[in-house]
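Structure first, then comments.
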Amino acid sequence: MTSPVLRVVPADLRQLAQRCAMLAGQVAPQLPTLPASAWQTSSAACNTTNTGAGTAAAAMRARLTANATKLTTTADEYEATDNNAAAALTAVAQRAGGPPPLAPHSGVDAGAGALGTGR
């Protein structure tokens, strides 16, 4: 069973990184706490909810920003690997007549070392 071929397009990774960075900028900031008397439990509940939502929003922003950075770094690394491989392949000497010839066979037995010839 063979695995599918992995095809990575650095431009697509960069595009995804830009999208993550854009979405990170759109996550709403934490809402301010509401001044209220201690006897107003609805205000206290609102403040608690706002604090929790703000903490979650900060975590989402941080994760999206980190993913954007990782995707950009990965795209750069894939591109560098591809460029290095292309340079290595270009550096291989090209033969005008195609691949190198096979080693010539020697003797009557075509190089089998007299195997099965009765010698």
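If you count by the numbering used here, then the sequence shown holds residues 6 to 124, one letter each, in order. No residue lacks a Cβ here, since even glycine has one placed at the ideal position from N, Cα and C.
DSSP-derived helix/strand/coil call for residue i
{"i": "Ser-47", "result": "helix"}
{"i": "Gln-35", "result": "coil"}
{"i": "Leu-69", "result": "helix"}
{"i": "Ala-96", "result": "helix"}
{"i": "Leu-21", "result": "helix"}
{"i": "Pro-9", "result": "coil"}
{"i": "Ala-29", "result": "helix"}
{"i": "Ala-41", "result": "coil"}
C-alpha gap between residue i and residue j, whole angstroms
{"i": "Thr-86", "j": "Val-97", "result": "17 Å"}
{"i": "Thr-56", "j": "Tyr-83", "result": "40 Å"}
{"i": "Ala-41", "j": "Ala-49", "result": "8 Å"}
{"i": "Thr-74", "j": "Ala-90", "result": "24 Å"}
{"i": "Thr-79", "j": "Leu-11", "result": "14 Å"}
{"i": "Leu-39", "j": "Ser-47", "result": "10 Å"}
{"i": "Asn-72", "j": "Gly-59", "result": "20 Å"}
{"i": "Pro-15", "j": "Thr-54", "result": "40 Å"}
{"i": "Arg-92", "j": "Val-13", "result": "As written in the sequence, residue 92 is Ala, which differs from the Arg given in the question. Whole-angstrom Cα-Cα distance: 19 Å."}
{"i": "Ala-43", "j": "Met-65", "result": "31 Å"}
Cβ-based burial, residue i [other Cβ within 10 Å; buried from 16]
{"i": "Leu-18", "result": "buried"}
{"i": "Leu-94", "result": "exposed"}
Candidates the options: closest to residue i by CA position
{"i": "Gln-35", "options": "Trp-44, Gln-45, Asn-52 and Ser-47", "result": "Asn-52"}
{"i": "Gln-31", "options": "Thr-77, Asn-88, Thr-78 and Thr-70", "result": "Thr-70"}
{"i": "Arg-68", "options": "Ala-80, Cys-25, Val-14 and Asp-81", "result": "Cys-25"}
{"i": "Thr-77", "options": "Ala-43, Leu-21 and Thr-60", "result": "Leu-21"}
{"i": "Ala-62", "options": "Thr-54, Ala-33 and Val-14", "result": "Ala-33"}
8 Å Cβ cutoff, residue i in contact with chain C
{"i": "Thr-78", "result": "Among the protein chains of the structure shown there is no chain C, as only one such chain exists."}
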